[in-house]
Structure formats: structure tokens, C-alpha cells
Amino acid sequence: MKHIRLLRCRSVRVLWLSMTLSVLGDRLYGLAAMWVVYEATGSSSRTGLVAAVESLPYIALGGAGYLMARFSRWRSLAWLDAGRAAVALAVPLFWSPDTTGFLITLTLVLLLGTLSAVFDPNFGALVPQLVPVEELPLVSGLFDLTSRIAGVLGQGSVGVLLLLVSEIELFAVDGCTFVVSALALGWLGRRTASPVDGEPPTGPVRATAGVPARPLLRRHPRIAIAVAVHGVALFTAAVSTVGLPPMLVSRFGQGATGYGLALAATAAGGLAGNLLTGQLADRPAATGSSAPGRSWISTYCLAWVLSGCALAGLGVADSMAVVIALCVLSGLLFPVCAVTLRAHLTRFAPAERLRLLTVDQTVTRSAGMAGLLLLPPVVDAAPAGAFVGAGVLLSAAGLAGWWLGGRKAP
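Numbering-wise (my numbering), the sequence shown opens with residue 68 and increments by one.
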């Protein structure tokens with residue numbers, strides 16, 4: 068496997084292992100936050116409020132280009148992860164199943180979301196500096212693999228962990244993973260000043276001022292198209308998020324086991340898709356190059372077209388076997404979309420890359436929140452129609468993006 072070659076670089080290996088652990092911790096945190104609040108309050112609205120609050124910083128910080136650029140160094144990311152560790156470890160200490168405990172938890176979730184909103188795009192902007200230019204598409208696929216592995220391990224490990232700790236203590240587990248990540252990032256920051264012979268430099272982005280987003284997107288309209296399609300995808304994803312569990316119960320008589328099987332099928336498809344995606348990414352010609360051919364936008368948009376077909380198919384599926392097959396297909400396509408876009412963004416100069424990652428993050432979080440607010444009533448009223456309608460919308464957006472991408476200059 069080509070990923071093995073990348074992992075021979077010590078910097079890549081240490082960072083990838085620590086990030087895989089950290090992303091796994093995030094999956095456990097997401098489960099704990101939703102389940103603990105619902106179990107204590109019995110309120111779906113309060114549970115949804117937790118998810119919305121965690122997403123708010125991603126939206127609010129989307130225009131703060133200068134602030135985001137101030138953290139474009141490995142050591143800065145280490146301090147951010149140390150902060151995330153402190154917040155996550157504090158949740159079990161302050162949690163109580165009353166209004167006061169809920170408000171304190173909500174505040175900590177908001178703080179954790181703020182730190183993550185700064186961390187995520189800066190991490191994505193720095194990772195390409197770990198490898199030579201010819202291996203940029205491969206490193207995008209390698210770090211996408213962290214979420215695919217976490218998806219599989221998270222489903223398998225949570226049951227075992229809950230035999231050993233309570234749901235609220237999963238926050239502490241997440242905090243420990245952030246500690247490991249902070250130590251790895253701090254180690255990498257110390258190597259920045261004196262890189263090891265035979266390994267690529269890992270210097271900072273050095274973006275001391277934010278890059279304006281609108282002029283950048285006007286110069287690269289295909290990126291704007293890809294971000295718009297990504298936003299539609301996250302908007303329609305709310306249908307599956309809120310609609311899949313009740314559909315499995317009402318149509319197929321499945322309980323938590325069936326839902327877990329569907330999630331595991333999606334995660335397994337994601338692992339397979341990640342391994343295939345490395346063959347699809349374009350190879351950049353030179354550092355900072357921004358004039359690739361059309362193939363990346365075609366791959367990206369057509370993958371979302373097929374994802375829309377799979378989403379619509381869930382609305383008319385007549386057996387659990389069909390549901391599992393569609394979940395595998397969806398999982399297979401997710402990394403194709405994610406890695407194709409990320410690999411293309413590695414072509415840009417570091418400061419521009421950071422700004423584009425921030426824009427994508429802001430659009431997708433905003434669209435995802437809008438979907439969670441607007442689509443659940445539609446799912447309640449017409450479950451099958453909601454899946455079909457969302458799938459058609461996503462496929463139409465993908466086709467429009469594919470057509471427009473072919474007409475626009477890079």
C-alpha cells in the first residue's frame with residue numbers, strides 16, 4: 068500500500084497515529100454528548116440544542132481569517148489541543164442532571180466547539196507540509212483514513228467501554244486522546260526549527276493575515292462550485308441522520324442492532340473507499356499550482372450524484388439487505404468526495420489553503436445545521452418522500468456542479 072510509504076516518515080507516522088486516536092475520542096464524545104443530555108432531560112430539543120451549539124463556532128469564525136491564521140503553527144495547534152483536553156476532562160466534573168448542570172455542559176460544549184473550529188482548518192492547512200509535493204494527494208487520503216478507522220473502531224469499542232465507564236466518563240476518555248494529540252503536535256513543533264535529514268520540512272504556514280475569501284473564490288470558481296455542492300450534501304444528510312433510525316424501526320422492525328449494522332456498513336464502505344480514492348486524485352505539477360484539469364471536479368461532483376442516488380434508494384428500499392448495500396455504497400463514496408477536494412486544495416499556497424478550508428468548513432456546518440432545523444418535520448410527515456426528495460436534490464446539485472465545472476476556468 069502506498070500509505071505505508073508515507074508512514075515511514077517519522078513525523079507523518081507520529082501525527083497520524085495521534086490523530087487517529089483523537090478522532091476516535093471525538094466519536095466517543097459525540098455519542099456521550101447526545102446520549103447523556105437525552106438520558107438526563109428526556110428532551111429531543113435540548114439534545115438538538117447541544118448539537119447546534121457545538122456547530123455555532125464553526126459558522127461564527129468562518130469570516131475571522133486573521134484570527135484563524137494566527138494559529139497556523141504546530142505549537143499553536145498543540146496548545147489548542149491542550150485546551151480541548153482540559154475542557155473535555157472538565158465535563159464529568161461539572162455535569163449534573165439538572166438545569167444548572169445542563170447550562171454548564173452547554174458552555175463547555177461551546178468552548179470545545181470554538182477550539183475545534185480553529186484547530187480543524189489549520190491542521191488541514193499544515194499537513195501537506197509533511198511530505199514532498201509529489202505525495203500531496205496521498206497524504207490527503209492517509210489523514211482521511213483516520214475518520215474511516217475511527218468510524219469502524221468507534222462502533223465496536225463503545226459497547227465495551229460502557230461496560231467499564233459511564234457515558235459521562237467518555238468525555239474523560241476524549242480528553243485523554245487530546246492530551247496524546249497535544250504531545251504529538253508539540254513534538255512536531257519542536258522539530259520545525261531543526262528538521263531531521265531525509266525528512267521534508269514541517270514549517271508553519273506563516274499566514275500572519277487572513278486571505279480575503281471572495282476574491283479567492285472568484286479566481287477559482289471550481290472551488291466555489293465544489294463548496295456549494297458540499298453544502299447541499301451536508302444539508303440533505305440531515306434526512307439520513309434523523310430519519311434512518313425510525314425508518315428501520317417502522318419498516319423493518321429493527322432496533323439498535325439494525326441501526327448499528329447500518330452504521331457499521333457505512334463505516335466499512337468508507338474504509339474501502341479511502342483505499343480506492345488514492346488512485347483518483349490528480350497529482351500536482353508544482354507547489355502552489357492551481358491550474359489542474361477538469362478531472363477532479365468531475366470526480367467530486369459525480370460521486371455526490373451517486374451519493375444522492377443511494378440516499379433516494381433508502382426511501383424505497385424493500386429489505387434490510389438493500390439498506391445495508393446502500394449504506395456500503397454511501398460509505399464508499401464519502402472518502403472519494405472528501406479526499407478529492409482536500410487533495411486539490413493542497414495545490415494552493417498555505418495561506419490560501421487555510422482560507423479555502425475555513426470557507427468549506429463554514430458552509431458545510433451552516434448547511435448541516437439548517438438541515439437539522441428544517442428537515443426533521445419533513446421526515447416525520449413523509450419519511451420515504453423525504454429520503455427520495457433529499458437524494459434527488461443532492462444528485463441534481465452534483466450534476467449542476469459537474470456541468471458548471473466543465474464550463475468554468477480552473
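All C-beta atoms, glycine included, are put in the ideal place defined by N, C-alpha and C.
- In chain order, Ala377 place their CB closer than 6 Å to the CB of leucine 396, counting only its own chain and leaving out the 5 sequence neighbours on each side.
- Valine 299 and leucine 311 have their C-alpha atoms some 19 Å from each other.
- In the three-state DSSP reduction, serine 143 falls in the helix class (H, G or I).
- Here tryptophan 363 is near histidine 411, since their CB atoms are less than 8 Å apart.
- Across the structure, tyrosine 133 and leucine 160 are spaced so that their CA atoms are roughly 34 Å apart.
- Taking C-beta atoms as the reference points, leucine 250 and glycine 340 fail to come closer than 8 Å.
- Annotated as distal: phenylalanine 245 and arginine 94, with beta-carbon spacing of 8 Å or more.
- Below 8 Å, enough C-beta pairs join the region 418-428 and the region 185-192 to call them touching: three or more.
- At the C-beta level, glycine 435 and serine 122 come within 8 Å of one another.
- Leu408 is the residue among Val247, Gly473, Leu408 and Leu373 whose C-alpha sits nearest the C-alpha of proline 204.
- In the structure shown, the three-state DSSP call for cysteine 76 is coil.
- Where glutamine 428 is concerned, the enclosing alpha helix (DSSP H) starts and stops at 417-441.
- Residue environment analysis places threonine 167 among the exposed positions, since fewer than 16 neighbouring C-beta atoms fall within 10 angstroms of its C-beta.
- DSSP, reduced to helix, strand and coil, places alanine 131 outside both helices and strands of the structure shown, so it counts as coil.
- At a Cβ-Cβ threshold of 8 Å, serine 85 and valine 247 count as neighbours.
- Remark: C-beta atoms of leucine 381 and valine 372 do not approach each other more closely than 8 Å.
- The residue among Leu328, Pro124, Gly92 and Leu116 with its C-alpha nearest the C-alpha of threonine 431 is Pro124.
- Residue nearest to alanine 145 within the set Ala119, Val185 and Leu173 is Val185 (criterion: CA-CA distance).
- Rounded to whole angstroms, the gap between the alpha carbons of tyrosine 367 and leucine 315 is 30 Å.
- Judged by their CB atoms, valine 158 and threonine 172 are nearer to each other than the 8 Å cut-off.
- A distance below 6 Å between beta-carbons, with the five flanking residues on each side excluded, links leucine 182 to the following residues of its chain, in chain order: Leu147, Gly150 and Arg151.
- With respect to leucine 461, serine 365 sits apart: the two C-beta atoms are not nearer than 8 Å.
- In this structure, leucine 156 keeps its C-beta atom at 8 Å or more from the C-beta atom of alanine 280.
- Within the model, the alpha-carbon separation for arginine 257 versus serine 139 is close to 15 Å.
- With contacts defined by Cβ atoms closer than 8 Å, alanine 457 and threonine 308 do not form a contacting pair.
- The residue from Gly92, Ala293, Leu255 and Cys394 with its alpha-carbon nearest to that of glutamate 236 is Gly92.
- The beta carbon of isoleucine 126 sits closer than 8 Å to those of Thr429, Arg432, Ser433 and Met436, all from its chain and outside the five residues before and after it, given in chain order.
- Here DSSP, grouped into helix, strand and coil, assigns proline 164 to coil.
- Residue environment analysis places serine 386 among the exposed positions, since fewer than 16 neighbouring C-beta atoms fall within 10 angstroms of its C-beta.
- If you look at glycine 320, you'll find it isn't in any alpha helix (DSSP H); DSSP assigns it neither H nor E.
- Here valine 426 is buried. Its C-beta has 16 or more other C-beta atoms within 10 Å.
- Residue state for valine 246 is assigned as helix, using DSSP reduced to three classes.
- By the C-beta density criterion, valine 383 is exposed, having fewer than 16 other C-beta atoms within 10 angstroms.
- DSSP places arginine 151 in the helix class (H, G or I) of the three-state scheme.
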